[in-house]
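Going by the working numbering, the letters in the sequence shown line up with residues 64 to 361, in that order. The C-beta atom is built at its ideal place from N, Cα and C for all residues, glycine as well. All figures in this text were calculated on a predicted structure; none of them were measured in a lab. Reviewing the structure listed below.
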Amino acid sequence: MAKIISVGNISLGGTGKTPFTIMIAKHFIEQGKKVCILSRGYRGRIGYDTHVISDGKNILIGPDKAADEPYMIAVNCPEAIVITGKERVKSFKFAEEEFAPDIYILDDGFQHKKMRRDIDICLLDHKRPVSTGWMFPFGYLREPASAIKRADIVVFTRAEDDTIPEKTAEYVKDKPVFFSNIEFKGFFNEDGRIEEDLKGKSVLAFAGIASPYKFFEFLKKLGLKVARRKIFGDHHIYLDREGYSMQKKAAEMELDYLVTTEKDYIKLTDDMKKDTIYTKIDIELRNRDRFFQILDMR
64 MAKIISVGNI SLGGTGKTPF TIMIAKHFIE QGKKVCILSR GYRGRIGYDT
114 HVISDGKNIL IGPDKAADEP YMIAVNCPEA IVITGKERVK SFKFAEEEFA
164 PDIYILDDGF QHKKMRRDID ICLLDHKRPV STGWMFPFGY LREPASAIKR
214 ADIVVFTRAE DDTIPEKTAE YVKDKPVFFS NIEFKGFFNE DGRIEEDLKG
264 KSVLAFAGIA SPYKFFEFLK KLGLKVARRK IFGDHHIYLD REGYSMQKKA
314 AEMELDYLVT TEKDYIKLTD DMKKDTIYTK IDIELRNRDR FFQILDMR
């Protein structure tokens, strides 16, 4: 029977689910396992029926129709089968019949209780693990903080140290707890990695993600001068006219680059990509061997 691993969180906004899903998928692919990632496909233009974004050999649906996160997973894990669909049980049954994977990863699956899972991983932002403590629409939680107790493994992301936040201590006791942070892999454009030292360069930074201000602060820590910021809605679909407007503003201000996230870059039009660079990140997981030992044994 295939192993099913869920990666999710209890809050609205980014806690690093996508890069974490990619990291887990690569681990099992390196073991020779056939991996299938099931995603809801939020904001994809193809709709919420079951669709194969990648069959593990070829990407079948491009960024113009696929949702940004599953498409980004398909690009970074070309050997993984990536399927989107609102009804993940239906997507699972389809994958079983068509591909018979060894491993399933539910991307953003913590609240999807209809789907069975062998391991439930809950990601929490180390600095604001339960935000204000209020549920949406009064706060940023998808469900009460006590829901953390359902998790088999808890990972604190963007963690600069290994201390368990006081507000979560009662919910994570007796659970395997891990800490991770962002590992910067470099700046890239359509031709590959940029070797030039970009410290001190002036940029127009733009992002359509859940936490754009974290991205802007990240750029400043890397030594860039963020002279102009442009914020779009999460999962934004970019148009050529938006790229032209930003290119014009950057030229007027005599800035060196337009810079965005990898998640945003994959959705840009070809013309926009020519004048934009993006940051590529990975997950630095402390106690990595122990984490994957738990996943392998369950």
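Query raised in the report: Just reading off the alpha helix (DSSP H) that R364 is part of, what are its end residues?
Result: Any answer about residue 364 is impossible in this case: the structure gives the chain only from 64 up to 361.
Requested in this report: Compute the beta-carbon to beta-carbon distance between T332 and G296, rounded to the nearest angstrom, for a pair I have assumed lies under 8 Å.
Outcome: The count along the sequence shown starts at 1 and reaches residue 332 at position 269. The count along the sequence shown starts at 1 and reaches residue 296 at position 233. The pair is not a contact, with the Cβ atoms about 17 Å apart (cut-off 8 Å).
Requested in this report: Have a look at D112, G71, G79 and A65 and flag the residue whose alpha-carbon is nearest the alpha-carbon of T324.
Outcome: Numbered from its first residue, the sequence shown carries residue 324 at position 261. Among D112, G71, G79 and A65, the Cα nearest to that of T324 belongs to G79.
**Report entry** Contact under 8 Å by Cβ, E246 with D345
**Finding:** Within the sequence shown, residue 246 is the residue found at index 183, counting from 1. Within the sequence shown, residue 345 is the residue found at index 282, counting from 1. It is a contact, given that the beta carbons lie within the stated cut-off.
Query raised in the report: Among G263, E142, F279 and A130, which has the Cα closest to the Cα of R108?
Result: Taking the first residue of the sequence shown as position 1, residue 108 is located at position 45. Looking at the Cα atoms, A130 is the closest of the given residues.
Query raised in the report: Which first and last residues belong to the beta strand (DSSP E) in which D345 is found?
Result: For the purposes of this step, residue 345 is taken as the residue at position 282 of the sequence shown. Taken as a continuous stretch (DSSP letters only), the beta strand (DSSP E) holding D345 covers T339 to L348.
Query raised in the report: Roughly how many angstroms separate the alpha carbons of I87 and G255, rounded to a whole number?
Result: Mapped onto the sequence shown, residue 87 falls at position 24. Mapped onto the sequence shown, residue 255 falls at position 192. Spanning the two alpha carbons is a distance of roughly 24 Å.
Query - Whole-Å CB distance - P133 paired with G104, under 8 Å assumed - result: Along the sequence shown, one-based indexing puts residue 133 at 70. Along the sequence shown, one-based indexing puts residue 104 at 41. The Cβ separation is near 6 Å, so the contact holds.
Query raised in the report: Three or more C-beta pairs closer than 8 Å, one from the region 284-301 and one from the region 258-270: is that the case here?
Result: yes
Query raised in the report: Considering only C-alpha positions, which residue in the set F201, S117 and F83 is nearest to E161?
Result: The residue you call residue 161 lines up with position 98 of the sequence shown. The shortest Cα separation from E161 among F201, S117 and F83 belongs to S117.
Query raised in the report: By DSSP, does I195 sit in helix, in strand, or in coil?
Result: Working through the sequence shown from its first residue, we reach residue 195 at position 132. In the sequence as presented, Ile is not what sits at residue 195; that position holds Thr. Coil.
Requested in this report: Go ahead and pull the three-state DSSP assignment for L318.
Outcome: Numbered from 1 along the sequence shown, position 255 holds the residue referred to as residue 318. The answer is coil: DSSP assigns L318 none of H, G, I, E or B.
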